[in-house]
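In my numbering, the protein residues as written are 637 to 913.
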């Protein structure tokens, strides 16, 4: 199977096979002091439970759209990967039109108002430490933390996820699973990512450039991510040393060997990954 005809379930299995106990995502929130570390195996468990929730509890079918209104948080990649595992489309970027047409919406505490525009299923995440549930569930929503833990630990889609299946809507465009996988593999090679890469990121997942730089390229290489929210710059040097960070997501100028079309250019420059000493 080549990158061009692959889907994300295959890409994930290849990364998982490199060592389930390896860290996949380490999350810091400098406002709350929270630190969460997820191995590939633990991430796989979260993705399986969430994909089962999507497929069985929400009864979403391949091609259905899930609007994701989540901030920089460790649970956001879980939802993206679970959507792709189940063959449903993830839409990001807080587009009101996407929320209105979506079959389901997933929202954090700060985006519950926008999520009410969804006429389908509404899932709320409290984003509290250790994945704790809401103290009081918002009206009109299902609490993710209350329903996800009871889902099965393994996931099998009812229909195989093919490369031509739609996967992502962002920045006013859409991409298939195969296009996303090829893009991730190409980016990982371009940025010299390997299974030993530890990539620091402080961005969210609201655009394709962010998703490429802070999730899919790491997955394509079997690398790991150190994701930081509410970043305290004074803590970064010590954190990078402690976490053995050797690359970081940054805004690259077009003069640094990237093209806007090839690397997802934005008005602020091209978001990419640079190696660090």
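C-beta: ideal position from N, C-alpha, C; glycine also.
### Query
Buried or exposed: where does residue 795 fall if 16 or more other Cβ atoms within 10 Å of its Cβ makes it buried?
Indexing the chain shown from 1 puts residue 795 at position 159. Residue 795 is exposed by the Cβ-count criterion.
### Message
My output table needs one value for residue 671: the three-state DSSP class, helix, strand or coil.
### Response
The residue given as residue 671 occupies position 35 in the chain shown. In the three-state reduction of the DSSP assignment, residue 671 falls in the strand class.
#### Entry: Nearest to residue 913 (by Cα), restricted to the options 834, 736, 707
Looking up residue 913 in the chain shown gives position 277. Measuring from the Cα of residue 913, the nearest candidate turns out to be 834.
### Query
CB-CB under 7 Å to residue 688, same chain, minus the five flanking residues each way: which ones, in chain order?
Walking along the chain shown from the start, residue 688 turns up at place 52. Scanning its chain for C-beta atoms nearer than 7 Å, with the 5 sequence neighbours on each side dropped, one finds around residue 688 the residues 787, 788, 791, in chain order.
### For residue 741: DSSP bridge partner residues
Taking the first residue of the chain shown as 1, we reach residue 741 at position 105. Beta-bridge partners assigned by DSSP to residue 741: 703, 758.
### Query
Candidates 882, 839, 818: which alpha carbon is nearest residue 865's?
Within the chain shown, the letter at position 229 stands for residue 865. Answer by Cα proximity: 839.
### Query
Secondary structure at residue 647, three-state DSSP: helix, strand or coil?
Within the chain shown, residue 647 is the residue found at index 11, counting from 1. The answer is helix: DSSP assigns residue 647 an H, G or I state.
### Task
Could you tell me which of 718, 706, 717 sits nearest to residue 917, measuring between CA atoms?
Here the chain has residues from 637 to 913 only, and residue 917 is not among them.
### Query
Looking at the unbroken alpha helix (DSSP H) that takes in residue 847, where does it start and where does it end?
Numbered from its first residue, the chain shown carries residue 847 at position 211. The continuous alpha helix (DSSP H) containing residue 847 extends over residues 844–847.
### Query
How about residue 698 and residue 724: are their beta carbons less than 8 Å apart?
Start at 1 with the first residue of the chain shown, and residue 698 comes out as number 62. Start at 1 with the first residue of the chain shown, and residue 724 comes out as number 88. Their beta carbons are under 8 Å apart, which means residue 698 touches residue 724 by this criterion.
### Query
Roughly how far, in whole angstroms, is the beta-carbon of residue 855 from the beta-carbon of residue 820, given that I think they are within contact range, below 8 Å?
In the chain shown, the residue the question calls residue 855 occupies position 219. In the chain shown, the residue the question calls residue 820 occupies position 184. With 8 Å as the limit, residue 855 and residue 820 qualify as a contact, their Cβ atoms being about 6 Å apart.
#### Entry: Counterpart residues of residue 861 in DSSP-defined beta bridges
Here residue 861 is taken as the residue at index 225 of the chain shown, counted from 1. As computed with DSSP, residue 861 is found in a beta bridge with 661, 835.
### Task
Go through the segment 769–837 residue by residue and report every complete run of the beta strand (DSSP E) that reaches 3 residues or more, in order.
Restricting attention to beta strand (DSSP E) runs no shorter than 3 residues, the segment 769–837 encloses them at 802–806, 809–812, 834–837, ordered along the chain.
### Message
Please classify residue 813 as buried or exposed, where buried requires at least 16 other C-beta atoms within 10 Å of its C-beta.
### Response
Here residue 813 corresponds to residue number 177 of the chain shown, with the count starting at 1. It is buried - the Cβ of residue 813 has at least 16 other Cβ atoms within 10 Å.
### Message
Please tell me whether residue 757 and residue 694 are closer than 8 Å, where the distance is taken between their beta carbons.
### Response
Start at 1 with the first residue of the chain shown, and residue 757 comes out as number 121. Start at 1 with the first residue of the chain shown, and residue 694 comes out as number 58. In this structure, residue 757 lies near residue 694, with their beta-carbon atoms less than 8 Å apart.
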